[in-house]
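**Student:** Here my numbering = 1-based position in the sequence shown + 120. Cβ coordinates follow ideal geometry from the N, Cα and C atoms, glycine included. Bear in mind that the values here come from a model prediction, so they are computed numbers and not experimental data.
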Amino acid sequence: MEASNPSSSTIKRLERPEEMLQILELYSGIGGMQTAARESGLPFKVVASYEINPVAVDVYCSNFPGTSKPRNILGLTIEELTRLSPDIIMMSPPCQPFTRQGLKRDAEDARSSSFLHLVDLLRRVPHPPRMILLENVAGYETSQTREHLVDMLLHRGYTWQEFLLSPTQFGVPNSRLRYYLLARLSMESFPFTTSQEVLTDLPFCMCLLSEVSSESHRSGSVNVLPILVHLSFHNHKEAEI
């Protein structure tokens, strides 16, 4: 079914935050998450980045000249995390511990040690970040490492939502399924209805006031319309819908 264009009367424009969001970028790679943050149009500053792969570090510094070189997460201390005081932590931990090629050693894999170290810091830091974004491979949702993370989120009073999404759902020609987790401190609400289940569709933002059935905006596995509507009305940019 062909998607219909929502009229302006069905959409509520939300105000963009005025404050500069402080982002801590972990497992930064070549800076994919920072690029996405820039394209979102939200005001932010990366207070620090951490990455152990030297090639990725070189590419990161080339992509973002003038930024400090990423460092090893195992060197992050609770004192430094407290000093950085990020609003948001964005991260894409090593995926090998959760893949067949990586023998699915999960939390026992040495490559998980930095993430477990981070979870321990987040459990003890006086002021945890307001929001957390994590990306990994499909299969992470059943891992022991994920259980460590969820236990910390419960302990610190976070609300979270998990997703299994394909890049095609964002209009990207790549069908590889990925895992995403969004977490917010319970004092802040998500702009969509959450579920205890792992979602496999993009949720509609509450900037859509009228209810639209999933079939009315989705063709096959693609449901790009919520993204386009959100970008157009939250970032005050024109988007072809």
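Would residue 305 count as contacting chain B if we go by Cβ distances under 8 Å?
**Tutor:** No chain B is part of this structure, which consists of one protein chain only.
**Student:** Please go through the region 264-299 and give each complete beta strand (DSSP E) segment of 3 or more residues, from N-terminal end onward.
**Tutor:** For the region 264-299, whole beta strand (DSSP E) runs of length 3 or above, ordered along the chain, are 278-285.
**Student:** Looking at C-alpha atoms only, which residue of 171, 296, 244 is the closest neighbour of residue 284?
**Tutor:** Here residue 284 is taken as the residue at index 164 of the sequence shown, counted from 1. Of 171, 296, 244, the residue nearest in Cα terms is 296.
**Student:** Nearest-angstrom Cα distance between residue 254 and residue 185?
**Tutor:** As a position in the sequence shown, residue 254 is number 134, starting the count at 1. As a position in the sequence shown, residue 185 is number 65, starting the count at 1. Whole-angstrom Cα-Cα distance: 25 Å.
**Student:** For residue 86, which option in 265, 301, 250, 303 has the closest C-alpha, if you only look at C-alpha atoms?
**Tutor:** With the chain represented from 121 up to 361, any question about residue 86 goes unanswered, as that position is not in the structure.
**Student:** Which class does residue 164 belong to by DSSP, given the choice of helix, strand or coil?
**Tutor:** Taking the first residue of the sequence shown as position 1, residue 164 is located at position 44. If DSSP states are grouped into helix, strand and coil, residue 164 belongs with the strands.
**Student:** Applying the 10 Å Cβ sphere with the 16-neighbour rule, what's the burial state of residue 277?
**Tutor:** The residue labelled residue 277 in the question sits at position 157 within the sequence shown. Answer is exposed; the Cβ neighbour count stays below 16.
**Student:** Measuring alpha carbon to alpha carbon, tell me which residue in 207, 274, 257 is nearest residue 239.
**Tutor:** Along the sequence shown, one-based indexing puts residue 239 at 119. Checking every option, the nearest Cα to that of residue 239 belongs to 274.
**Student:** Quick check on residue 303: does DSSP put it in helix, strand or coil?
**Tutor:** Residue numbering aside, residue 303 sits at position 183 when the sequence shown is read from its first letter. If DSSP states are grouped into helix, strand and coil, residue 303 belongs with the strands.
**Student:** Let me make sure I understand the geometry here. Which of 209, 213, 286 has the alpha-carbon closest to that of residue 303?
**Tutor:** For the purposes of this step, residue 303 is taken as the residue at position 183 of the sequence shown. Checking every option, the nearest Cα to that of residue 303 belongs to 209.
**Student:** Expressed to the nearest angstrom, what Euclidean distance is found between the alpha-carbon atoms of residue 174 and residue 213?
**Tutor:** Residue numbering aside, residue 174 sits at position 54 when the sequence shown is read from its first letter. Residue numbering aside, residue 213 sits at position 93 when the sequence shown is read from its first letter. Distance between the alpha carbons of residue 174 and residue 213: 16 Å.
**Student:** Check the C-beta distance from residue 272 over to residue 243 and give it rounded, since I have them as a contact under 8 Å.
**Tutor:** The residue given as residue 272 occupies position 152 in the sequence shown. The residue given as residue 243 occupies position 123 in the sequence shown. Yes, residue 272 and residue 243 are in contact; Cβ-Cβ is about 5 Å, under 8 Å.
**Student:** Would you kindly work out how many angstroms separate the C-alpha atoms of residue 315 and residue 260, rounded to a whole number?
**Tutor:** The residue labelled residue 315 in the question sits at position 195 within the sequence shown. The residue labelled residue 260 in the question sits at position 140 within the sequence shown. Taking the straight line from one Cα to the other gives about 18 Å.
**Student:** Using beta-carbon positions only, say whether residue 187 and residue 166 come within less than 8 Å of one another.
**Tutor:** To locate residue 187, count along the sequence shown from 1; it is residue 67. To locate residue 166, count along the sequence shown from 1; it is residue 46. Their beta carbons are under 8 Å apart, which means residue 187 touches residue 166 by this criterion.
**Student:** Going by Cα to Cα distance, which pick from 300, 280, 268 is closest to residue 256?
**Tutor:** If you number the sequence shown from 1, residue 256 lands on position 136. Of the candidates 300, 280, 268, the one whose C-alpha sits nearest the C-alpha of residue 256 is 300.
**Student:** Measure the CB-CB distance between residue 237 and residue 194 and report whether it falls below 8 Å.
**Tutor:** The residue labelled residue 237 in the question sits at position 117 within the sequence shown. The residue labelled residue 194 in the question sits at position 74 within the sequence shown. Yes. Within cutoff.
**Student:** Identify the continuous beta strand (DSSP E) that holds residue 254 and give its terminal residues.
**Tutor:** Locating residue 254 in the sequence shown gives position 134, where the first residue counts as 1. 251-257 is the span of the beta strand (DSSP E), which, as asked, contains residue 254.
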